[in-house]
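**Student:** This structure is in structure tokens; I'll ask about it shortly.
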Amino acid sequence: MSLLTKEEALYFIENVLQVKDIPKSTIKDLPTEEKFNFLHTILSRFLETEPFQSITLMAVDLDKRRRPTWQEIKTAMFACRGGLCYSQNAFMFALLTAIGLDVSMTRATWPCAENQPNNHLCFLLHGLAFPDVDHLVDIGAGYSLPRVISLGFEKESPEFTDSFQTYKIAKESESKCVFNLKNKRSRSNNTEPADDQDVEIKEGSSFRILSDEVDEWSVCYYFNPLERYQDLEPLYPDFDNVFTDPTKLLFHRSPRCMHWPGGEFLGIVELEFITEDEEHTLIKKHVSQMVRSDDKANDTDIERAPLGECNNKRNVMDALVAMYATYFPQFLSGEVRAAIENWKAITNDIGRELNKVEHLCQEHLSNLSCEDKHQASL
471 MSLLTKEEAL
481 YFIENVLQVK
491 DIPKSTIKDL
501 PTEEKFNFLH
511 TILSRFLETE
521 PFQSITLMAV
531 DLDKRRRPTW
541 QEIKTAMFAC
551 RGGLCYSQNA
561 FMFALLTAIG
571 LDVSMTRATW
581 PCAENQPNNH
591 LCFLLHGLAF
601 PDVDHLVDIG
611 AGYSLPRVIS
621 LGFEKESPEF
631 TDSFQTYKIA
641 KESESKCVFN
651 LKNKRSRSNN
661 TEPADDQDVE
671 IKEGSSFRIL
681 SDEVDEWSVC
691 YYFNPLERYQ
701 DLEPLYPDFD
711 NVFTDPTKLL
721 FHRSPRCMHW
731 PGGEFLGIVE
741 LEFITEDEEH
751 TLIKKHVSQM
761 VRSDDKANDT
771 DIERAPLGEC
781 NNKRNVMDAL
791 VAMYATYFPQ
801 FLSGEVRAAI
811 ENWKAITNDI
821 GRELNKVEHL
831 CQEHLSNLSC
841 EDKHQASL
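Remember, this note's numbering sits 470 above the position in the sequence shown when you count from 1.
Below, the structure written as structure tokens:
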């Protein structure tokens, strides 16, 4: 039995992704250019509509976390709640399969401090342009990857740039392909990756800084293009481990939510609100700045904490909840609060950051004139 029916898939494309120009003929029978354009539209709209997020996972207490079921994944996607790589790529696999494409899933390994193999999921399209050429699709990497990328190269694919990130695929052997990211210091526009994969953690802070010596390219993940799964069940053991063991996955301890409206990054990563400008540079705003913002400049209906009280930790929480309510309203405030409380329980980073927020707020207050202080207390 298929994970999605063709009717469900077409409903999702038209009503959730809001893609109205759906080809009347079978997708696999379309001319190659039309086929690629349609897939690009679907992937772009998915990146805009379905957030890559860890809130759902982190809102659950540690001892109750588990791999989401297919029904939970399906419900989340139809509600525009997105998820992590397993949910997003499993759903897109089911969607493209339902509209008649030849698709298989493959596990990937994202090298990280957790040293957990098979901790990522992506998938392959077969015979899209030529019978013997596969294409990689990865809609759940936490980057904007709205392309189907041909693996029909000898050593390396061309370089691609979407949103703030440049990337390529290298083939080390027939059974190992490597997805590479261009590092910040190698990019002329000096952007910084939103998920901080090519950076080091500064001591005593969750802020990230690049080391002085970095290679031009870094490994994002690697995968075996010969490994092909048509069903989710064989993947359960690996992802059961990832979703239940908080030491095996970064997203057990890093609340974040991001999407790409109009192809540009917008997200909340831990205590930072991040947007992308026209030059594809990421602009980061710390939650302390959000708390201190002038109420008159606030274009939402969310009540901000008074400036004079911004050293109260409760108001830092309120600022985060307000940001989620504004930019990701599909998540209930109680759910966001639970995720942040669980973050505090599993790591000391939040405590250090809250102390930094208090210091920043107090420093800002000390620089205010008496009149400013009076206005801040109103």
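Cβ coordinates follow ideal geometry from the N, Cα and C atoms, glycine included.
Pull up the distance between the alpha-carbon of residue 638 and that of residue 614, whole angstroms please.
**Tutor:** Walking along the sequence shown from the start, residue 638 turns up at place 168. Walking along the sequence shown from the start, residue 614 turns up at place 144. The alpha-carbon atoms of residue 638 and residue 614 are separated by roughly 13 Å.
**Student:** Please state whether DSSP places residue 566 in a helix, a strand or coil.
**Tutor:** Counting from one through the sequence shown, the residue named residue 566 turns up at place 96. Correct three-state label for residue 566: helix.
**Student:** Please tell me whether residue 528 and residue 812 are closer than 8 Å, where the distance is taken between their beta carbons.
**Tutor:** What you label residue 528 is simply residue 58 of the sequence shown in a count that begins at 1. What you label residue 812 is simply residue 342 of the sequence shown in a count that begins at 1. Yes, these two residues count as a Cβ contact at 8 Å.
**Student:** List in chain order: all unbroken alpha helix (DSSP H) runs of 4+ residues lying wholly within the stretch 720 to 760.
**Tutor:** With a minimum length of 4 residues, no continuous alpha helix (DSSP H) run stays inside the stretch 720 to 760.
**Student:** Use the C-beta contact count for residue 616: other C-beta atoms within 10 angstroms, 16 or more gives buried, fewer gives exposed.
**Tutor:** Taking the first residue of the sequence shown as 1, we reach residue 616 at position 146. Looking at its Cβ environment, which holds 16 or more other Cβ atoms inside 10 Å, residue 616 is buried.
**Student:** Does residue 526 come out as helix, strand or coil in the three-state DSSP assignment?
**Tutor:** Sequence index remark: in the sequence shown, residue 526 carries index 56 (1-based). Correct three-state label for residue 526: helix.
**Student:** Could you name the residues that DSSP lists as bridge partners for residue 553?
**Tutor:** Stepping through the sequence shown from its first residue, residue 553 is reached at position 83. Residue 553 pairs with 522.
**Student:** Could you check the C-alpha separation between residue 648 and residue 612 for me, to the nearest Å?
**Tutor:** Within the sequence shown, numbered from 1, the residue matching residue 648 stands at position 178. Within the sequence shown, numbered from 1, the residue matching residue 612 stands at position 142. Cα to Cα, residue 648 sits roughly 17 Å from residue 612.
**Student:** Residue 631 bridges to which residues according to DSSP?
**Tutor:** The sequence position of residue 631 within the sequence shown is 161, counting from 1. Note: residue 631 sits in a beta bridge opposite 636.
**Student:** Please name the residue or residues paired with residue 641 in a DSSP beta bridge.
**Tutor:** Numbered from 1 along the sequence shown, position 171 holds the residue referred to as residue 641. DSSP, once it has assigned bridges, lists 647 as partnering residue 641.
**Student:** Exposed or buried, which one is residue 650 when buried takes at least 16 other CB atoms within 10 Å?
**Tutor:** What you label residue 650 is simply residue 180 of the sequence shown in a count that begins at 1. Residue 650 is buried by the Cβ-count criterion.
**Student:** How would you write the range of the alpha helix (DSSP H) that residue 807 sits in, first residue to last?
**Tutor:** The count along the sequence shown starts at 1 and reaches residue 807 at position 337. 803 to 816 is the span of the alpha helix (DSSP H), which, as asked, contains residue 807.
**Student:** Are residue 498 and residue 594 close, meaning C-beta to C-beta below 8 Å?
**Tutor:** Walking along the sequence shown from the start, residue 498 turns up at place 28. Walking along the sequence shown from the start, residue 594 turns up at place 124. Not closer than 8 Å, so no.
**Student:** DSSP three-state call for residue 620: helix, strand or coil?
**Tutor:** One-based indexing of the sequence shown puts residue 620 at position 150. Note: residue 620 maps to strand in three-state DSSP.
**Student:** Taking just the CA atoms, how far does residue 816 sit from residue 490?
**Tutor:** For this step, residue 490 is matched to residue 20 along the sequence shown. For this step, residue 816 is matched to residue 346 along the sequence shown. Taking the straight line from one Cα to the other gives about 44 Å.
**Student:** Specify the secondary structure class of residue 689 as computed by DSSP and reduced to three states.
**Tutor:** Locating residue 689 in the sequence shown gives position 219, counting from the first residue. If DSSP states are grouped into helix, strand and coil, residue 689 belongs with the strands.
**Student:** Can you tell me whether residue 611 is helix, strand or coil according to DSSP?
**Tutor:** Working through the sequence shown from its first residue, we reach residue 611 at position 141. It is coil, neither helix nor strand.
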